[in-house]
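Here the structure is laid out as structure tokens; the discussion comes afterwards.
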Amino acid sequence: MSRQTALRWSLFLMRLAVFTVMLMWTLDKFVNPGHAAKIFAKFYLIHGIESTVLTVLAAAELAILGGFLLGIYKRFCYAAVLAFHSVSTLSSYQQYLSPFEGPHLLFFAAWPMLAGCLMLYLLRDDDKLFSFGK
Numbered sequence: 006m007s008r009q010t011a012l013r014w015s016l017f018l019m020r021l022a023v024f025t026v027m028l029m030w031t032l033d034k035f036v037n038p039g040h041a042a043k044i045f046a047k048f049y050l051i052h053g054i055e056s057t058v059l060t061v062l063a064a065a066e067l068a069i070l071g072g073f074l075l076g077i078y079k080r081f082c083y084a085a086v087l088a089f090h091s092v093s094t095l096s097s098y099q100q101y102l103s104p105f106e107g108p109h110l111l112f113f114a115a116w117p118m119l120a121g122c123l124m125l126y127l128l129r130d131d132d133k134l135f136s137f138g139k
């Protein structure tokens with residue numbers, strides 16, 4: 006396998022993996038808006054968010070994730086996914102301060118994914134496998 010082919014497959018698989026995680030978080034807003042509202046309250050300090058607002062946010066996220074998966078509008082979609090995950094990772098700072106309490110250790114998995122999101126953004130022009138953008 007050539008180096009270029011290996012790079013393209015690696016970027017595609019990373020895009021697919023990031024998409025899968027982000028999709029589940031987005032679907033949670035549709036399927037279980039009460040859970041999503043608790044997450045917004047605890048991590049983003051946004052209390053009392055209505056399920057209608059969550060549905061609109063989830064629909065917008067879903068559209069961006071679709072673009073991300075398809076590799077279209079890369080500068081915007083890849084940056085948006087990076088921004089979403091950056092905010093999510095950084096807003097969990099309290100869990101990093103007490104990693105051995107409860108399930109806090111699991112929050113550290115956000116950092117490699119954040120690195121993957123940054124890598125995809127920086128190498129977006131090389132991410133051409135199953136990509137329909139420019």
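Positions in the sequence shown are counted from 1; adding 5 to them yields the numbering used here.
Cβ coordinates follow ideal geometry from the N, Cα and C atoms, glycine included.
Margin query: Give me, in chain order, the residues of the same chain whose beta-carbon lies closer than 6 Å to that of Lys-79; leave out the 5 immediate sequence neighbours on both sides.
Written below: Arg-129, Gly-138
Checklist line | Inter-stretch contact (C-beta, 8 Å, three-pair minimum) for the stretch 111–131 and the stretch 71–91 | finding: yes
Check: What three-state label does DSSP hand Asp-131 in the structure shown?
Finding: helix
Next item on the list: Enumerate, from N- to C-terminal direction, the unbroken alpha helix (DSSP H) stretches of 4 or more residues contained entirely within the stretch 35–82.
Entry: 38–49, 56–75
Margin query: DSSP three-state label for Gly-121, please.
Written below: helix
Note to self: When you compare the CB positions of Gly-107 and Met-19, do they come within less than 8 Å of one another, or not?
What the structure shows: no
Check: Does the beta-carbon distance from Phe-24 to Phe-73 come in below 8 Å?
Finding: yes
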